[in-house]
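A.B. asks:
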Amino acid sequence: MSRAAITDLYRIDDLLSPDERQIRDTVASFVDREYLPHVGKHFRDGTFPTALVPKLAELGVFGAALKGYGCAGLSNVAYGLILQELERADSGLRSFASVQSSLCMYPIHAYGSEAQKERWLPGMAAGKLIGCFGLTEPDFGSDPGGMRTVARKDGDHYVLNGSKLWITNGSIADVAVVWAKVDGGAADSIQGFLVEKGMPGFTAKEIKGKFSLRASYTSELSFSDVRVPAANVLPKVKGLKGPLSCLNHARAGIAFAVMGAAVACFEGARDYALSRVQFGKPIAGFQLTQEKLADMLQEIVKGQLLGLRLLRLKDEHGKVSPEQVSLCKRNNVKVALDIARVARGIYGANGVTDEYPPVRHMLNLESVYTYEGTHEVHTLILGKAITGLDAFGAV
Amino acid sequence: MKILVTAKRVEDPESKIKVKPDGSGIVPEGLKYKINPFDEIAVEEALRLSAAHTGDVVVVSIGTKDVHEQLRHALAMGATKAVWVNHTGALDQLAIARLLQKVVEKEKPDLVILGKQSIDDDQNQVGQYLAEFLGWSQATFASKVEALDSDAEKNKQPGLKLTADKKGLTVVREVDGGLSTLECSLPAVVTTDLRLNQPRYASLPGIMKAKSKPIEELTPAALAVDVAPKLTVTKLSSPPARKAGIKVADVPALVEKLKNEAKAF
Ligand SMILES: Cc1cc2nc3c(=O)[nH]c(=O)nc-3n(C[C@H](O)[C@H](O)[C@H](O)COP(=O)(O)OP(=O)(O)OC[C@H]3O[C@@H](n4cnc5c(N)ncnc54)[C@H](O)[C@@H]3O)c2cc1C
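So the sequences go chain by chain: A and B.
Numbering-wise (our numbering), the first sequence opens with residue -10 and increments by one.
Numbering-wise (our numbering), the second sequence opens with residue 11 and increments by one.
(1) Where DSSP assigns a beta bridge to ASP143 of chain A, which residues make up the other side?
(2) Assuming PHE51 of chain A contacts GLY116 of chain A (C-beta within less than 8 Å), just tell me the rounded distance between them.
(3) With H, G and I counted as helix, E and B as strand and the rest as coil, what does DSSP make of ILE72 of chain B?
(4) Does DSSP put SER(-9) of chain A in a helix, a strand or coil?
(5) Going along the chain, which residues of its own chain have a beta-carbon closer than 6 Å to the beta-carbon of GLU184 of chain B, five neighbours each way excluded?
(6) Alpha carbon to alpha carbon, how far is ALA107 of chain B from TYR211 of chain B?
(7) Any C-beta of chain B within less than 9 Å: which residues of the segment 44 to 78 of chain A qualify?
(8) Counting only the same chain and skipping the five closest in sequence on each side, list residues whose C-beta sits under 6 Å from that of SER(-9) of chain A.
(9) May I have the straight-line CA-CA distance separating TRP155 of chain A from VAL290 of chain A, to the nearest angstrom?
(10) Are ASP130 of chain B and VAL20 of chain B close, meaning C-beta to C-beta below 7 Å?
(11) Taking DSSP as the reference, what is the three-state secondary structure of ARG137 of chain A?
(12) Assign ASP3 of chain A to one of two classes, buried (16 or more other C-beta atoms within 10 Å of its C-beta) or exposed (fewer than that).
(13) What residues match up with LEU271 of chain A in a beta bridge as DSSP calls it?
(14) Could you tell me how far apart the beta carbons of LEU63 of chain A and ALA53 of chain A are, in whole angstroms, since I believe they sit closer than 8 Å?
(15) Hey, out of A:PRO7, A:HIS27, A:GLY181, whose CA is closest to LEU149 of chain A's CA?
(16) Assuming LEU202 of chain A contacts SER91 of chain A (C-beta within less than 8 Å), just tell me the rounded distance between them.
(17) Helix or strand or just coil, what does DSSP make of GLN148 of chain B?
(18) For GLU55 of chain B, which residues of its own chain have a beta-carbon under 7 Å away from its beta-carbon, when the five flanking residues on both sides are left out?
(19) What are the residues in the segment -3 to 8 of chain A lying within 8 Å of chain B by C-beta distance?
(20) Please name the residue, chosen from A:LYS186, A:CYS254, A:LYS197, that lies closest to PRO346 of chain A on a Cα-to-Cα basis.
(21) Are the segment 242 to 261 of chain A and the segment 318 to 337 of chain A in contact at 8 Å, needing three or more beta carbon pairs?
(22) Could you pull the start and end residues of the beta strand (DSSP E) that SER195 of chain B belongs to?
(23) State buried or exposed for VAL114 of chain B, treating a residue as buried only when at least 16 other CB atoms are found within 10 Å of its CB.
(24) Please report whether the beta-carbon of THR39 of chain A lies at a distance below 7 Å from any beta-carbon of chain B.
(25) By Cβ distance, which residues of its chain are closer than 7 Å to GLU418 of chain A, with the 5 residues on each side in sequence left out?
(26) Any chance you could list the alpha helix (DSSP H) runs of at least 4 consecutive residues sitting entirely within the segment 63 to 116 of chain A, in chain order?
(27) Check the Cβ of SER213 of chain B against every Cβ in chain A and list those closer than 7 Å, keeping chain order.
(28) Comparing the C-beta of ILE72 of chain B with each C-beta of chain A, is any distance below 7 Å?
(29) Using the Cα positions of ALA338 of chain A and VAL348 of chain A, report the straight-line distance between them to the nearest angstrom.
(30) Going by DSSP in three states, ALA193 of chain A sits in which element: helix, strand or coil?
(31) Could you spell out the range, first to last residue, of the beta strand (DSSP E) harbouring PRO218 of chain A?
(32) Judging by CA-CA distance, which residue of A:PRO38, A:LEU110, A:ALA46 is the nearest neighbour of ASP79 of chain A?
(33) Taking 6 Å as the cut-off, is the beta-carbon of TYR360 of chain A closer than that to any non-hydrogen atom of ligand 1?
(34) ASN353 of chain A lies in the alpha helix (DSSP H); which residues open and close that run?
(35) Check whether the Cβ of SER211 of chain A sits closer than 6 Å to any heavy atom of ligand 1, and report yes or no.
Here it is in structure tokens:
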């Protein structure tokens, strides 16, 4: 797909360095050639394009913002630009990259032992090993501190029991970063365990019947007396801040990435509106359509500036605060979802089929609205930062 | 083995290209640019040969500083160094070939690979001129025996093969109705056709590494080449707009129209 000049009305391109632009354009042409022609079929069939994994690895996509261990060592802005292009194709492919990079490689990189890093990171960067991240449980989503998965110390092993739900890549993963409470402790006892495919008592089952992120595998993980060697515990973090810091890392990229889906919907709707004639003129010529397109572009420009600023802050300071991430995730996912819905309408009846992209993006974004902190949870994070009052729990 | 390749900056064929109303050129606003696809194939082939036989790949581009984008693209794919001939304004094929000749004499490669033509003005002359000026052997329209979905291609095997004594090159050429195989002595000039290889994507770490690779600047004056054009473009015009199609009721009606209106048979 050639990009419309109007999409970059504010010359956001000029805020990128030449190598950032080159990285973005390389991933863009990869996606245009290697995935866009096939994405509709994967979504329809409910399959993830596993054949793309080694190719994306060859490009250097996985763990792109991490240093060493075969990772590309790019800036967070470059990483965000990569994700945005993947998202422009399909949020399922972007979700794979986010989970692999930010939710599995990142915790191993940040909190793992040297031996764990050597063992997993180069293979994951090369796309030979796939990772997943198990935090959510059937009874604990927005409130992960209540989790029931437990690990009981037994000599030089831990015995893991419990289950995790809605785990992206679960059924195809070689390693799962699983968060569990240790020895019946409270939330501050939570630790990360590297559970390996094939460990006795560990099973992963694909969840069927999703209308969203169909081109991505989502699974249920079960642990029944799984004996995990103590050497597989992430040694450098304890408590809820372990998983939450991973999520903060992932969300920053996602908050920027969703504008890729918004751009695909906007450019598609614009082209469609220019070619579809009703009442003797292109529907793009009606004021009502123009208002929709104007609103879309306005939100895309704002969302991209917001996302770019967030990732620049991250590059400049080495981190961003949860509130900073929440504002961007909350805004950008919501506007991307709204843009996809309005674009869907512009396509008329064609818009309800998988022959055209907006309904696919619209359905995908429903997941993005819910995962990585629901829209409401980000509202509460901001509310707490603004007022100092915690509106989450009962007390 | 040292190989020199070219990387011309051309309009992205996916951009909407409009001719200026006075026919003096094309409207530059909103255009995107990329490396000439045939040159990209040349870069890929050079990288495969240099991986198999060790040696440097030097990439050359002529134009304003904008061509750094195309040089950086080739460097990110894996070329070792770049040469930029800094020039603003129109150049004809003779001038380009003369400039390349001087760069070749300076760099002394064993082989020059360039696109058979650039997709902007489709001239198909520079490679042939260059071989003549250098007095080197030439092989045009290099192709691959194996299909582009074959294992040889998947394993990134070069289509150009060095002869056993390493003094020559076997080149499969695309000709009307088939392939012809040539053997030519080195040094040589080879131009690439479309089915020689599938260029790799630049890797993202490769893009970062390319930043620290050298780009040497030269000028036509420093190379002592008179680039005053001997050929001038007098007018450009768009192809005529396609007329709207019609719908026919059934196959007999279609055959009737093909026969009597389109005179297809
Ligand atoms: C496709 C997909 C992939 C996923 N991948 C992963 C993964 O890889 N790893 C992983 O660990 N998890 C994953 N998740 C799970 C996701 O993170 C959770 O769904 C999310 O945290 C919400 O939890 P829940 O679904 O249990 O909803 P709940 O927490 O039950 O929330 C239901 C509703 O109540 C609202 N709500 C909850 N608490 C409050 C409150 N205090 N105030 C106001 N409103 C509230 C929520 O905003 C939401 O609207 C995935 C989910 C999906 C859909």
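For glycine and all other residues, C-beta sits at the position ideal for the given N, C-alpha and C.
C.D. replies: Working from what's here:
(1) A:HIS146
(2) 6 Å
(3) strand
(4) Confidence at SER(-9) of chain A is low in this model, with a pLDDT of 45, below 50, so its placement is unreliable and the value that follows should be read with caution. In the structure shown, SER(-9) of chain A sits in coil (DSSP, three-state: anything other than H, G, I, E or B).
(5) Hits under 6 Å: PHE151, SER153, ASP203.
(6) 28 Å
(7) Under the 9 Å Cβ criterion, the segment 44 to 78 of chain A contributes LYS44, GLU47, LEU48, GLY49, VAL50, ALA53, CYS60, ALA61, GLY62, LEU63, ALA67, ILE71.
(8) In this prediction, SER(-9) of chain A has a pLDDT of 45, which is less than 50 and means its spatial position is unreliable; what the coordinates show is noted afterwards. None.
(9) 32 Å
(10) yes
(11) Coil, per DSSP.
(12) exposed
(13) Contrary to the premise, residue 271 of chain A reads as Pro rather than Leu in this sequence. A:VAL266, per the DSSP bridge assignment.
(14) 5 Å
(15) A:GLY181
(16) Not quite, the Cβ-Cβ distance comes to about 16 Å (not below 8 Å), so this is no contact.
(17) strand
(18) ILE123, PRO168, GLY169, LEU170, THR202, LEU206, ASN207
(19) PRO7, ASP8
(20) A:CYS254
(21) yes
(22) Element bounds for SER195 of chain B: 188 to 195.
(23) With 16 or more other Cβ atoms within 10 Å, it is buried.
(24) no
(25) Since the first residue shown for chain A is -10 and the last is 384, residue 418 of chain A is missing from the structure and cannot be characterised.
(26) Those alpha helix (DSSP H) runs which fall completely within the segment 63 to 116 of chain A and span 4+ residues are 65 to 78, 80 to 87, 95 to 100, 103 to 114.
(27) GLU47, LEU48, GLY49
(28) ILE72 of chain B has a beta carbon lying at 7 Å or more from every beta carbon in chain A.
(29) 11 Å
(30) strand
(31) 207 to 218
(32) Looking from the CA of ASP79 of chain A, the closest CA among A:PRO38, A:LEU110, A:ALA46 belongs to A:PRO38.
(33) yes
(34) 347 to 359
(35) no
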